[in-house]
Amino acid sequence: MALGDPTRKAIFELLVDRPRAVVELAGELPVSRPAVSQHLRVLKHAGLVVDRPQGTRRIYCVDPDGLVALRTDLERFWGSALATYKTAVEQPDEEET
Amino acid sequence: MSTHTRATATSVRSSIAVDAPIERAFQVFVQDFGRIKPPEHNLLGVELAETVFEARAGGRVFDRGVDGSECHWARVIAYQPPDRIVLGWHIDPRWQIETDPARTSEVEIRFIAETPERTRVELEHRNFERHGDGWEGVRDGVGDARGWPLYLQRYADLV
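So the sequence lines, in the order shown, correspond to chains A and B. Quick note on numbering: the first sequence equals residues 2 to 98 in our numbering. Quick note on numbering: the second sequence equals residues 818 to 976 in our numbering.
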């Protein structure tokens, strides 16, 4: 549950808005920089955010190529749809029970 | 399980074998599509009355609510009974309607007769990158009560 924590979710939402450095995130939330870094590690590990160096800082942003949620949603959607479909198509021919 | 799902970076593939002749397999998919799709993915603000699948190239797929409102969420790109259907997917990553066809993914459904009484259905939902042209559209939805909370909930369920 990478987004189960309210602070972590807030961090993720800020990154959806635009890429930010740790210090910026800490400035906008009532948490310390080490705490922000900790949350970012979890988000990064979950594949939700990526980071890149910029000068002496690291800039974090939502993984633009991930589309993780969409893909997972659609896997579920079609998996469920095809299972229901199999049941429907293998039923004896009785329309609209 | 007889359903197989596989994902790549920008597509999802799923296939299933059903005990039915190819004509029936095709027909049920189109006629009963409203029953087949998971009901929680109704984007209407009201209770769903029916799902309409206009069975022709150029047709639309839409949900109609009990109050008569309509939600057009796919278009029929190819309709070739009993072998193949291609749909344009007009739902963006926030599960909101996408009206720009250039920013829609597509779903191809192929029906293959394994025997006269058995049909394999192969589904590929591809070109997600068309939805993901930057995150501008997603960002616009952050303040929208129906957008992000739903999206984040799905994210949360995932991880």
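Where is the CB? At the ideal position from N, CA and C, for every residue including glycine. Everything numeric in this text was worked out from a predicted model, so none of it was measured.
- Using a Cβ distance threshold of 8 Å, A:A89 and B:V845 count as a contacting pair.
- Residue contact with chain B for A:R72: present (Cβ-Cβ distance below 8 Å to some residue of chain B).
- Around A:D64, the same chain offers G48, L49, V50 and V51 as residues with beta carbons nearer than 8 Å, after the five sequence neighbours per side are excluded.
- For A:K87, the closest Cβ of chain B is nearer than 8 Å.
- Of all C-beta pairs linking the segment 37 to 47 of chain A to the segment 77 to 93 of chain A, fewer than three are shorter than 8 Å, placing the two stretches out of contact.
- For B:E931 against B:A834, the beta-carbon gap comes to about 7 Å, under 8 Å, which counts as contact.
- Membership of A:R9 in the alpha helix (DSSP H) is indicated by the continuous run P7 to D18.
- With a threshold of 16 other beta carbon atoms within 10 Å, B:D900 falls short and is exposed.
- CA-to-CA, the gap between B:V869 and B:V829 works out to about 24 Å.
- Closest in C-alpha terms to A:C62, from the list A:P20, A:A82 and A:E25, comes A:P20.
- Per DSSP, the continuous alpha helix (DSSP H) segment holding A:R42 begins and ends at R34 to H46.
- Check the Cα spacing between B:P898 and each of B:E840, B:E934, B:S831 and B:D836: the tightest is with B:E840.
- Taking the C-beta atoms as reference points, A:T8 is found nearer than 8 Å to A:V32.
- In the three-state reduction of the DSSP assignment, B:D880 falls in the strand class.
- Less than 8 Å divides the Cβ of B:I894 from the Cβ of B:V903.
- C-alpha of B:H907 to C-alpha of A:E14: approximately 24 Å in a straight line.
- For A:S33, there are no C-beta contacts with chain B under 8 Å, since the nearest C-beta of that chain is about 24 Å from it.
- B:T936 places its beta carbon 8 Å or farther from that of B:P855.
- Counting only the Cα atoms, B:C888 lies some 40 Å from A:R53.
- For B:V829, the enclosing beta strand (DSSP E) has its first and last residue at S828 to V835.
- When Cβ-Cβ separations below 8 Å define contact, B:V883 makes no contact with chain A.
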